[in-house]
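Notes for the one structure printed next.
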Amino acid sequence: MQQISLQLQRSAPVALSIHLAVASMAGSRQLNSTLDLLLTESRRWQNLFLRIHPSDFKLLATSGAEFPILEKLDMEFRESVAGHAALFFGSLPALVHLTLTAYRTPIPDGLDFIWAQLRTCKLTECWMDNILRILPLFSAGARVCVNNCSTRADVHPTPVHTVVSDLSLWCYEEVTHTLLDALTAPCLKRLNIVGNYSRPGIIRFFNRSACALTHLTVDFTAGLYSDRFTDELLSLLRSPHARDIVDLQVNLNSQGYSKQFMDVLAMRDVVPKLRVLAFGYITWLDQAKLLKICENRQSILQSLWLSRHISISQDIVQALNSGVVELVRFS
202 MQQISLQLQR
212 SAPVALSIHL
222 AVASMAGSRQ
232 LNSTLDLLLT
242 ESRRWQNLFL
252 RIHPSDFKLL
262 ATSGAEFPIL
272 EKLDMEFRES
282 VAGHAALFFG
292 SLPALVHLTL
302 TAYRTPIPDG
312 LDFIWAQLRT
322 CKLTECWMDN
332 ILRILPLFSA
342 GARVCVNNCS
352 TRADVHPTPV
362 HTVVSDLSLW
372 CYEEVTHTLL
382 DALTAPCLKR
392 LNIVGNYSRP
402 GIIRFFNRSA
412 CALTHLTVDF
422 TAGLYSDRFT
432 DELLSLLRSP
442 HARDIVDLQV
452 NLNSQGYSKQ
462 FMDVLAMRDV
472 VPKLRVLAFG
482 YITWLDQAKL
492 LKICENRQSI
502 LQSLWLSRHI
512 SISQDIVQAL
522 NSGVVELVRF
532 S
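Position 210 (the sequence shown) corresponds to 411 in this note's numbering; numbering is contiguous.
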């Protein structure tokens, strides 16, 4: 306690990043006095990571403390804290970045006032019907990530409209499929889909939304293989909604897919404005096809990102660099 008090004094008036986490009720008892001390400097809290017992959350929410500059919050949301959540969120006028892990706890509509003020939001282990209720409440330009969410058999999704500009879906195929079928997102610029999904479903989503993407990240995995792969891929990337894409990342785990995909990308009329191309997951790529892509997109393509797992010869590296395409390796 003395050390914490000394640090608070020495750091004044600098903004604070607070990390509060306890694993048990015993830890909670030890936290009370620490929390009381930290709350005396609540006006300096800027970032908060919260994993505490419900009794401590109640203390935090009902303390009457002011958090005028708290802009970033990462917290767990359980049924035991839901009763005080609205009071706590109501004390966060500067909050713009939220990470919420709900553990399948319903998110009450009493929190609906908070979503419009957020610029970024990551929602993990939430119910899909809650996600569909929340998505229309974000303001234009918001960036939203939906992670590992679940469906309920007794709940039937209804169509919703959202103005988010950046959407990431890291969910099981059923959830991703249902979300894409329900959503209309005309302002969408960036879409990131990790895991299986329906290619016809994403094309319907594009057509319905009439959006113009600039950034797209998608998985093409062996589990999705079909004889129609090339046709579906062409339909997706030749879509008018993909013509403005400047940054494309594809995650592949099939050599067959990689060959077909590279043949498609060698066509100059497919995503013609592409400046950044990234290949992830796969350990092998046809290097001649890689060169052809770069040659056909000369003067437009600026950088090629390859997973460090992909083997590539030094000759190809030199050829790429001589063609003024920056080669970047990533994990």
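Every residue gets a Cβ at the ideal spot worked out from N, C-alpha and C, and that includes glycine. It should be emphasised that the depicted structure is a prediction, and the values quoted were computed from it without experimental measurement.
If you draw a straight line from the alpha carbon of S234 to that of A411, how long is it in whole angstroms? A straight line joining the alpha-carbon of S234 with that of A411 spans about 54 angstroms.
By how many angstroms is the C-alpha of L414 removed from the C-alpha of D237? D237 and L414: Cα-Cα distance of roughly 48 angstroms.
What are the residues that DSSP puts in a beta bridge with H416? Looking at the DSSP assignment, H416 forms a beta bridge with R391 and D448.
Excluding sequence positions up to five away, which residues of its chain have a Cβ less than 6 angstroms from the Cβ of W246? Closer than 6 angstroms at Cβ, skipping near neighbours: L217, I219, F268 and L271.
CB L475 to CB I501, shorter than 8 angstroms? Contact: yes.
For S514, the three-state DSSP class (helix, strand or coil): Three-state DSSP puts S514 in coil, outside helix and strand.
Just confirm the distance between the C-beta atoms of F480 and V525, as a whole number of angstroms; I'd bet it's less than 8 angstroms. Rounded, the Cβ-Cβ distance is 19 angstroms, inconsistent with contact.
Quick one: is the Cβ of L336 within less than 7 angstroms of any heavy atom of the ligand GTP? In terms of ligand content, the structure shown is empty, and the ligand GTP therefore cannot be addressed.
Ends of the alpha helix (DSSP H) at H285? Here the alpha helix (DSSP H) through H285 covers E280 to F290.
Of the choices Q503, A354 and W485, whose alpha-carbon is the least far from that of S514? Nearest of Q503, A354 and W485 to S514, Cα basis: W485.
Cα-Cα separation, K390 to I308: K390 and I308: Cα-Cα distance of roughly 27 angstroms.
Have a look at A303, L491, L333 and F250 and flag the residue whose alpha-carbon is nearest the alpha-carbon of V356. It is L333.
Could you pull the start and end residues of the beta strand (DSSP E) that C322 belongs to? Unbroken beta strand (DSSP E) run through C322: T321 to T325.
Neighbourhood of Q503 by C-beta distance below 6 angstroms, restricted to the same chain and skipping five residues each side: Within the same chain, Q503 has close Cβ partners R476.
Name the two residues that bound the continuous alpha helix (DSSP H) containing K474. Here K474 belongs to no alpha helix (DSSP H), and DSSP marks it neither H nor E.
Just the Cα atoms here: how many angstroms apart are E242 and H298? Distance from the CA atom of E242 to the CA atom of H298, rounded to whole angstroms, is 21 angstroms.
Local Cβ density within 10 Å of H362, reported as buried at 16 or more and exposed below that: Here H362 is exposed, its C-beta having fewer than 16 other C-beta atoms within 10 Å.
List the DSSP bridge partners of D367. Its beta-bridge partners are R344 and R391.
State the start and end residues of the unbroken alpha helix (DSSP H) segment that holds F406. In the DSSP assignment, F406 falls within the unbroken alpha helix (DSSP H) covering R400 to S410.
Have a look at A227 and S256 and give me their C-alpha separation to the nearest angstrom. Confidence at A227 is low in this model, with a pLDDT of 49, below 50, so the placement of that residue should be treated as unreliable; the coordinate-derived value is given next. Those two C-alpha atoms are separated by around 12 angstroms.
Tell me the residue span of the beta strand (DSSP E) that contains H378. Premise fails: H378 lies in the alpha helix (DSSP H), E374 to A383, not in any beta strand (DSSP E).
Indicate the three-state DSSP secondary structure (helix, strand or coil) for E272 in the structure shown. In the three-state DSSP reduction, E272 falls in the coil class, being neither helix nor strand.
Take T385 and list the residues in its own chain whose beta-carbon comes closer than 6 angstroms to its own, dropping the five residues that flank it on each side. Same-chain partners within the cutoff: H362, R409 and S410.
Less than 8 angstroms separating the beta-carbons of L312 and A287? Contact flag set, yes.
Looking at the strands, I want to know which residues DSSP matches up with S218. Residue pairing for S218: DSSP places it in a beta bridge opposite N248.
Whole-angstrom distance between E527 and T325, CA atom to CA atom: CA-to-CA, the gap between T325 and E527 works out to about 35 angstroms.
Would you call H442 buried or exposed, if buried means 16 or more other Cβ atoms sit within 10 Å of its Cβ? Buried, since its Cβ has 16 or more Cβ neighbours within 10 Å.
Using 8 angstroms for Cβ pairs, my map puts V376 next to C350. What's the rounded Cβ distance? About 5 angstroms separates the two Cβ atoms, so the contact holds.
May I have the straight-line CA-CA distance separating L336 from S399, to the nearest angstrom? For L336 and S399, the distance between alpha carbons rounds to 21 angstroms.
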